[in-house]
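Next up, the structure:
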């Protein structure tokens, strides 16, 4: 399979990612939050992504925040998630924004790109708090 580069994403996008297990992409894609986009090699972009999981979303640890449907329907809808999801900013990694690491989600809500949705503005404080906690 030929690896292709995706077009430039935006920090704050929630994307469908084969988040790595060690150095290899995992077979099962999952939501990931784009924390930063690096354009040094544009049009070949690299991104920093934070791990997302639908497991134990009501049990948050340092560096984590959750998007829960019942607590913030607007944020849940804008994120394009299918399940309550928590993101772990302690588990973030820089990856090339290519078809090796990112895939079109099953419903393809934004067309043939990896984007599921976008972080709702109401979540910014939660992300900032998780980021500070992950740093210290």
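In the numbering used here, the protein residues as written are 1111 to 1246.
Where is the CB? At the ideal position from N, CA and C, for every residue including glycine.
Computed from a predicted model, the values in this text were never measured in an experiment.
Distance between beta carbons of residue 1126 and residue 1226, contact taken as under 8 angstroms: Sure, about 6 angstroms apart at Cβ, within 8 angstroms.
Closest to residue 1229 by C-alpha separation, out of 1160, 1138 and 1139, would be which residue? Nearest neighbour of residue 1229 by Cα position, chosen from 1160, 1138 and 1139, turns out to be 1160.
Since residue 1123 sits in a beta bridge, which residues does DSSP pair it with? Answer is 1228, bridged to residue 1123.
Proximity below 9 angstroms, CB of residue 1162 to CB of residue 1197: Yes, the Cβ-Cβ distance between residue 1162 and residue 1197 is below 9 angstroms.
Please classify residue 1124 as buried or exposed, where buried requires at least 16 neighbouring CB atoms within 10 angstroms. A residue is called buried when at least 16 other Cβ atoms come within 10 angstroms of its Cβ; residue 1124 meets this threshold and is buried.
Taking the alpha helix (DSSP H) that residue 1187 belongs to, which residues open and close that run? That run of the alpha helix (DSSP H) goes 1183 to 1189.
Counting only beta-carbon separations shorter than 9 angstroms, does residue 1179 have a partner in chain C? This model lacks chain C altogether, as it is built from one protein chain only.
Candidates 1132, 1187, 1118 and 1128: closest to residue 1155 by CA position: Nearest of 1132, 1187, 1118 and 1128 to residue 1155, Cα basis: 1118.
Using only CA atoms, which one of 1216, 1240, 1243 and 1202 lies nearest to residue 1147? The residue with the shortest Cα to Cα distance from residue 1147 is 1202.
Return the Cβ separation of residue 1114 and residue 1208 in integer angstroms, given the expectation that the two are a contact with Cβ distance under 8 angstroms. Cβ atoms of residue 1114 and residue 1208 come within 8 angstroms of each other, at about 6 angstroms.
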